[in-house]
Each structure stands twice: as C-alpha cells, then as structure tokens.
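Take any residue in the sequence shown, note its place counting from 1, add 26, and you have its number in the numbering used here. Ideal placement from N, C-alpha and C gives every residue a C-beta, glycine not left out. Computed from a predicted model, the values in this text were never measured in an experiment.
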Amino acid sequence: GGGSHAASCTASGGWSGTRAVEGSALVQPQASTSYTLSCANSAGQSVTATAQVAVDAANPRPPVGGLTARATPQGVRLDWNPVTKSGKWVNGYYTGWFWEDFPPEAVDMSTMTHFIFGRYAPGLGSLPGGRAGELMEGAGTAHTQAEDALIAKAHAAGTKAIMMVGGEFDGPGFMAATANPQIRAVFIKNILDKAEHKGYDGADIDWEENLDTEQGRAQALALLRELRTAAQQRPRYQANPFEISWPGFWVNTNFQEILPWHVEVAHAVDRFNLMTYSMAGDWGGGWLSWHHSPLFGEAPSHPTSIASTVQAYLNAGVPRAKLGIGVGLYGLFYNNPVTGPRQAATSGSNGGDGVNNYRRLREDNAFGQPGAAYHWDDVAKQSYISYSQPWWRASDAPVTYLSYEDERSIAEKGKWVHEQGLGGTLVWTINYGYLPQQGGTNPPMQAIKQSFIAASVSGYRVYRNGTAIATVTSGATYTDASAPSGNHSYQVAMLDAAGNEGPRSAAVTVQVP
C-alpha cells in the first residue's frame, strides 16, 4: 500500500532468476516441488510467497525393466525381466516392545515393501519423562537386542526400513516438539541423526491427537515439510530420498471430516495410509452392530467402510497414487445378544488388538468354540463368527459375535486396491499374524504378500517405433520377424489381469540389416 509497489522479484526453490513484478510462468516438474518468489520495493521492504506443486504418479502399474534387443536371422529378438511385483506398497508395523514374541529370525521381509520398526516418540508424549524436541526410545530392549538385525534383514531382502515416530497419545509430545522453528529444527535433527546412525530409509510420523486446531495442523505441516527439506541436505538422503509416511483416520459417512489440510499433508508425504480398522463398536443408542474392517456396505446406522473413507479423501483432492488403506490383523467382538452385523447394538463390545489379534484368537480357539459358526458377509467382504452358545472369554462378558480379518478378507482388500489404482496398505501389526505353535508361519502376512505385492500380470505389449505390434501372453521374450531393415526402437509394457497397460519401458534401439 501507500504507493510502495514492488520494484523487483527473485525466484528460488524449483525455479530461479529475476522475475517480472507481475506475470505468469509455466513449470513442468517431474516430482513434487516448491516454488518461492520474493519481491521487494525501492524502500527495501519485501514479501515472500511459496506455492507447492504436487506431482502424481500417472500410471501406478510397475514398468518393465531389463529390455534387450538384438538382430538375428529370425528377426529382432527381445528379452526382458518378468514383472513379479505389483508396485503396491505394504507398510508393515513391527511392535518392538513385543520383540521376544516375534524375534528377527521369524520376520519374513518379503511380505512387505516397507518394514516399520516401532517405535520412537517425542519427549513429553506417551512415554514418561523427556524434554520438548527429544527423540525417545519406545521399544525397550528391542533397541539393543533386535533393531539393528531387523534393519539389516530388511535391506538384505530389498525392503525399506522405516522408523515409527509417535503413536497413540503422542499428540502433546509432537505439539511440544514443533512449537516454534527452533525446537522443530532440534527435533528434526534428532530424527535424522538417529535415522542416519541406524540406517533407516525414512520415517512414519504417527501424530494422532491435537490436530483439531489450526495451530496443531500448522505445526504438523511445518514438521513434515521441514523434515523433508532437512533430509535433502544430507548426502545419505540425496542419492536415496528420505521417505515420509503418515497414517490418517477412517471417516464416519454421517460427517464431512476431510479438510484441505488433509490434502496438504498428503502432498507433503510419500504415502498417506488410512487406519481403516476398529471401525465399529457399541457407540450407544441407534447404532447397529457392524464390522471390524468392512470394505463396503456403510449405512447411516453403521456409517463406516473402507470404500466410503477412501472416496471422502479422493473427493477432497488427495491423489489416488498416494493413498493407502489399512489392514488390522485383529478383530472386534460384541457381547450377547448380538450375533452378527446390522443388529441393534444394545450390548457391549471390544475391539482391542491385544485380546483380539489373529494369533490370540487362534490360540484361544475362537473359531472352534462350541456353537461357533463361520459366516462370510459378501457385502462388507468380511469374515465373522456367530456363537449360538455364548463364549465366555476369561473375565469378559459372553461373546456372541466376532468380526475379524483373515486371508479371505485380505484377498478382497488387495483386489480392490489394485482395481482402484490406490498405492497400497499399512498393516497393524505384522506381529499379530505370527503363529509360533504352527511352525512359525504367518498366514495373514502371506496373504498380504499374495494379494498386494505379487504382480497380477496377464501379459506384455510390444512396441516398435511407438506402435504396438504384438501382445505376449506367456514368457518374457518376443521375436519381431517382420522388422524391415533400418533403425528401430522397441519398448515393452506389462498388462494386468484387467488388461490395463503399465508404463512403457525405456526404449532400446537395434539396427536391422
């Protein structure tokens, strides 16, 4: 105001140089980038603004690698590496404070793309003691007895190792650790120092409380953005960028809960997973009994499902390729007289993962109790047990209905994530599926691997000079017998089970005599 118009402007961040005091610029970044403009007037006063441009992965299917081409008497012989992985992520949480029950040698790292070690936490949060900005150990003896072995084992399997920072009830600690730029810088340095020392590839920022105020939300965004910027200054994370993930909440369809802030968080992180489990309970009058982690079937009286939660985030503008769902390897029970979903929820319920995890349910013979009958809800895509004879679990009231996650419901979730072009899933927790009495198997995690990580490749499409010339339905080789003489460029793309084409490979050129 007052005639003090800008005399000059300078660009920084993803662009640079002197800029006109007003105008426009076209940018085409390959990845998410910030653009900053500072303008000053002749009196030396200046203003600065930053715009964040988010870039989405356009094609979520994996590319084909290893393509070679050579001229032979029979034609141009092409070979490539078969696509074995879908490109979907699995963020598997490991509860280090229970490490003796699930030791490093028992963990199959091929069942996940990202191994998340739980946990570290901000001081003044859920752990006793500590100071603002301090990073505290929250896994007891696992930090000395198991953590290093697990990180090494993950890396040996080609799985990323991620440190979990925070968890339930750490909101106050995060607020204290991000209260101003100085304390944030200390907290971020503590995270990155620990990550670099241990060999972590990224951090999962598990901040769940104190996000209902403008102040809390602004501090969370500042933490995520400044953590990314600080990591980029370190050589260790320049070659392999520091990966940041964030777990968000499921949505009650009776309320519009997704804000522009959620979209900003999604743009600030690499993976935005949703904790889509424990989605029902005895919420009081008028609610009907429902499922632990239903894929579909929400209604006003049982207002939760994974599909409706995902749709709410997509509608708000969260990019599909950044969004993951959540699989909780446990269940939820209701007490007598509720015997299934969509009944008047007049009784108590328990959705605790300690008492209802897959291993505990198997060990307590939940599926073999007298009067236990297995059912499949084909709307919700969830398994459940009805007990015609109430099951008395220790001191708990009589259980008559148990909704839980199993291999069948996991397969449906994986199929849907592929169909929707979503990014992947988190798993809470990988420990819960481990069955030491059954030879140390982990049936739910094997189902996760099969349903999310394994590629559903139906074939490959071959391109010569940008034009599709063939579809290969078996093997990873093709001979182009009709290539005329001259220089030709070849590319190959995968086809998924639905016939959708993945991105084309890097081109290889061959001279045909």
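Minimum C-alpha distance to residue i - residue among the options
{"i": "residue 118", "options": "136, 91 and 537", "result": "136"}
{"i": "residue 132", "options": "472, 467, 481 and 484", "result": "467"}
{"i": "residue 484", "options": "61, 110, 76 and 239", "result": "110"}
{"i": "residue 303", "options": "521, 436 and 528", "result": "436"}
{"i": "residue 311", "options": "373, 40 and 356", "result": "373"}
{"i": "residue 385", "options": "444, 368, 409 and 460", "result": "460"}
{"i": "residue 287", "options": "241, 296, 139 and 124", "result": "241"}
{"i": "residue 172", "options": "363, 202, 210 and 120", "result": "120"}
{"i": "residue 522", "options": "34, 358, 497 and 94", "result": "497"}
{"i": "residue 536", "options": "529, 517 and 528", "result": "517"}
{"i": "residue 298", "options": "318, 305, 276 and 319", "result": "276"}
{"i": "residue 174", "options": "154, 199 and 143", "result": "143"}
{"i": "residue 34", "options": "375, 232 and 69", "result": "69"}
{"i": "residue 153", "options": "50, 192, 128 and 179", "result": "192"}
{"i": "residue 40", "options": "71, 462 and 61", "result": "61"}
Residue i to residue j span [Cα, whole Å]
{"i": "residue 314", "j": "residue 331", "result": "14 Å"}
{"i": "residue 292", "j": "residue 113", "result": "19 Å"}
{"i": "residue 251", "j": "residue 400", "result": "47 Å"}
{"i": "residue 169", "j": "residue 163", "result": "7 Å"}
{"i": "residue 96", "j": "residue 107", "result": "16 Å"}
{"i": "residue 324", "j": "residue 307", "result": "14 Å"}
{"i": "residue 87", "j": "residue 493", "result": "20 Å"}
{"i": "residue 520", "j": "residue 343", "result": "28 Å"}
{"i": "residue 215", "j": "residue 457", "result": "30 Å"}
{"i": "residue 377", "j": "residue 102", "result": "60 Å"}
{"i": "residue 354", "j": "residue 220", "result": "28 Å"}
{"i": "residue 262", "j": "residue 184", "result": "17 Å"}
{"i": "residue 362", "j": "residue 420", "result": "15 Å"}
{"i": "residue 246", "j": "residue 392", "result": "41 Å"}
Residue-chain proximity (residue i, chain C), Cβ-Cβ < 9 Å
{"i": "residue 137", "result": "Reference to chain C is not applicable here, since this structure consists of a single protein chain."}
Outcome for residue i when other beta-carbon atoms lying within 10 angstroms are tallied against a minimum of 16
{"i": "residue 510", "result": "exposed"}
{"i": "residue 429", "result": "buried"}
{"i": "residue 508", "result": "exposed"}
{"i": "residue 290", "result": "buried"}
{"i": "residue 223", "result": "exposed"}
{"i": "residue 195", "result": "exposed"}
{"i": "residue 31", "result": "exposed"}
{"i": "residue 438", "result": "buried"}
{"i": "residue 408", "result": "buried"}
{"i": "residue 387", "result": "buried"}
{"i": "residue 490", "result": "buried"}
Contacts around residue i, its chain only, beta-carbon distance under 7 Å, and the 5 residues preceding and following it disregarded
{"i": "residue 396", "result": "415"}
{"i": "residue 418", "result": "424"}
{"i": "residue 481", "result": "88, 109, 110, 111 and 112"}
{"i": "residue 296", "result": "269, 270 and 271"}
{"i": "residue 278", "result": "329 and 330"}
Own chain residues within Cβ distance below 6 Å of residue i, not counting five before or after
{"i": "residue 74", "result": "64"}
{"i": "residue 368", "result": "314"}
{"i": "residue 440", "result": "477 and 478"}
Contacts around residue i, its chain only, beta-carbon distance under 8 Å, and the 5 residues preceding and following it disregarded
{"i": "residue 282", "result": "338"}
With a threshold of 8 Å, are at least 3 pairs of Cβ atoms found where one atom belongs to the segment 343-356 and the other to the segment 433-450?
Segments in contact, yes.
Do the segment 154-161 and the segment 195-203 meet, that is, are 3 or more Cβ pairs less than 8 Å apart?
In short, these stretches touch, since the Cβ pair count reaches three.
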